[in-house]
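**Student:** Just passing along the structure, written as structure tokens.
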Amino acid sequence: MPQLGHAQLSAAKKRLGCTEEERHLDSVVLTERVGSCVIVTMNRPEALNSFTVDMHRELHDAIESAGRDPQVRSIILTGAGRGFCAGQDLAEATDPDGPIGDLGEHLEQTYNRLVRTIRRLRVPVIAAVNGVAAGAGANIALVCDIILAGRSAKFVQSFSKISLVPDSGGTWTLPRLVGPHRARALTLLGDALSAEQAKEFGLVWQVTEDDGLREAALVIAERLAALPPEGLMLTKQALDTAMETTFDRQLDIERDLQSRAGQSADNAEAVSAFLEKRKPDFSAKGTKA
Ligand code: T3D
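Structure (structure tokens):
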């Protein structure tokens, strides 16, 4: 009899009449709405939330659908249990009867698709790194917009130990974040960086006590929700292109994005509120009349 993946199992349980709560417990990715924020939790704690094909599918769907919801203003990505994510599930990757063949093709269909989606999202993504982040798990955190780490978090470029190449954008993000030589040492040696070292190296915005991580991430989400969303989206776009272009070209990009930002209702409201010494109301949509 064929083995059912988590997604198929959930669908089967739905047909068999399980409750929503029972199905949710079975999912390898959990989502929770808190105000205008969606908390997305990788949920394979028994294997430090390492990636299976099923977890890829569920995680991508959860992030993409949260990003499409106009009421959502930020996403928090975190892990269940004592880890954030240990990268690829090595048991599934080496199972001769498993779903993974050529690693390059697998990357393109899974990790590359995921990090491209995170990078292109309209809303900021906050990584709440609650424990070890290894291999692709570390590099997925690095493509998020704001990275918070619990005190027990660790960042490990574990690829060299199993003779693989850092992926999920790590060879692009890491040298830009920590500098080329630190990136070389981290990826070649595979040493673990503690949360504090990661902050010192510029990977992490804030380190919190482990039991305060969720709250700290929600505080950031709340602050983002109070800001005008279009300006945040355009700022993300400007910072993304800045890494790939010349100074002159980036000035052109800033000019074009500023032109759009300056025509937005949010900009008009924010400036009026400042001048009138009142709180802005960003509920109005669209461009300036
Ligand atoms: O397209 C492709 O497929 C290629 C893409 C590759 C992307 C990648 O991410 S490659 C890198 C893969 N990840 C790793 O090499 C990390 C492997 N894990 C570790 O080195 C260690 O587990 C950690 C340093 C992350 C944490 O160590 P520790 O001592 O805190 O925990 P542990 O005891 O090693 O792990 C706890 C359990 O999780 C354990 O299971 P058990 O013995 O309790 O039943 C362990 O086997 C399991 N686990 C941890 N990482 C993975 C894993 N199981 C499957 N795959 C894992 N990656």
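Counting from 36, one number per residue, gives the positions in the sequence shown under our numbering.
We put the beta carbon where it would ideally sit given N, CA and C, even for glycine.
A quick note: this is a predicted structure, and the numbers were derived from the prediction, not measured.
Measuring alpha carbon to alpha carbon, tell me which residue in Ala303, Ala227, Thr152, Ala115 is nearest Gly102.
**Tutor:** Thr152
**Student:** Excluding the 5 residues preceding and the 5 following Leu94 in the sequence, name in chain order all residues of the same chain whose CB lies nearer than 6 Å to its CB.
**Tutor:** Val64
**Student:** Say the cut is 7 Å; is the CB of Phe119 nearer than that to a heavy atom of the ligand T3D?
**Tutor:** no
**Student:** Starting from Glu67, follow the beta strand (DSSP E) in both directions and report where the run begins and ends.
**Tutor:** 64-69
**Student:** Helix, strand or coil for Ser286 per DSSP?
**Tutor:** The sequence shown places Leu at residue 286, rather than the Ser named in the question. It is helical.
**Student:** Can you tell me whether Gly241 sits near the ligand T3D, meaning its C-beta is under 7 Å from at least one heavy atom of the ligand?
**Tutor:** The amino acid occupying residue 241 in the given sequence is Gln; Gly does not appear at that position. Because no heavy atom of the ligand T3D lies under 7 Å away, the Cβ of Gln241 does not count as near it: no.
**Student:** Who are the Cβ neighbours of Arg79 in its own chain at under 8 Å, not counting the five residues just before and after it?
**Tutor:** Val63, Ser85, Thr87, Met90, Ala115, Asp124
**Student:** What three-state label does DSSP hand Leu125 in the structure shown?
**Tutor:** helix
**Student:** Buried or exposed: which applies to Asp61, given that a residue is buried once 16 or more other Cβ atoms fall within 10 Å of its Cβ?
**Tutor:** exposed
**Student:** Which value, in whole angstroms, describes the spacing of the CA atoms of Ser109 and Glu67?
**Tutor:** One C-alpha to the other measures close to 12 Å.
**Student:** Could you have a look at Met77 and say whether DSSP puts it in helix, strand or coil?
**Tutor:** Looking at Met77 - three-state DSSP - the assignment turns out to be strand.
**Student:** Please go through the same chain and pick out, in chain order, the residues whose beta-carbon is closer than 7 Å to the beta-carbon of Lys314, but skip the five residues on each side of it.
**Tutor:** Ala308
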